[in-house]
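A short worksheet on the structure shown next.
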Amino acid sequence: MLREAVGILPAHLRRAMRTKCRILLLSGYTIGKLRHDRPEISPGHFVLVQRILDGRHIYADGARHFTGFARDDDGNWWTAVWKKTRDGREVFLETFHRGGIKGRLRDAESLSKKKGAPAGSASSPAGPSPIRPK
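The numbering of the sequence shown is the numbering used here, which starts it at 1137 and goes up by one.
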């Protein structure tokens, strides 16, 4: 299976993900999916994946799935979603695209208002847990 390294997982993120894997991988399948579904993304855009991994807008969406956001130099938001394998030995980028955080924050706020819990809290269904460097 074709695999390409697209990022280095910072230590705080590896701890939060409970993995020893240091490299974020991109599979041949995902490369094909991105070429088909997101033709506007060029190889040069993948430098933003590391910016996302190093940034402050990363959320755990369960035990194995993670979502991160960062802005490019023009101020546009980009989203990356990755997951670790069941055995935790590898971490793969699942999707990468422009946009995302504003809608996600808006959805989290509206869900928390409906349920009466702060966005991102353990009792909120919006509940992705933010991951912060220490």
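Here a beta-carbon is modelled for each residue, glycine too, at the ideal position from N, C-alpha and C.
A direct Cα-to-Cα measurement between H1181 and G1191 gives close to 16 Å. Under DSSP, F1182 takes part in no beta bridge, so it has no partner. Here the alpha carbon of D1210 sits roughly 26 Å from the alpha carbon of T1166. DSSP places T1215 outside any alpha helix (DSSP H); the residue lies instead in the beta strand (DSSP E), whose first and last residues are 1213-1220.
Boundaries of the alpha helix (DSSP H) around I1167: 1164-1173. With contact defined as three or more Cβ pairs closer than 8 Å, the segment 1155-1170 and the segment 1198-1208 are not in contact. Of the other Cβ atoms in all chains shown, fewer than 16 fall within 10 Å of the Cβ of G1168; this residue is therefore exposed. If you look at A1206, you'll find it in the beta strand (DSSP E) that goes 1201-1207. Cβ neighbours of V1217 within its own chain (closer than 6 Å, five residues either side excluded): T1203, E1230, T1231. For L1229, the three-state secondary structure derived from DSSP is strand. As computed with DSSP, H1193 is found in a beta bridge with F1205. Around H1233, the same chain offers R1174, T1215 as residues with beta carbons nearer than 6 Å, after the five sequence neighbours per side are excluded.
Under the three-state reduction of DSSP, R1151 is assigned to helix.
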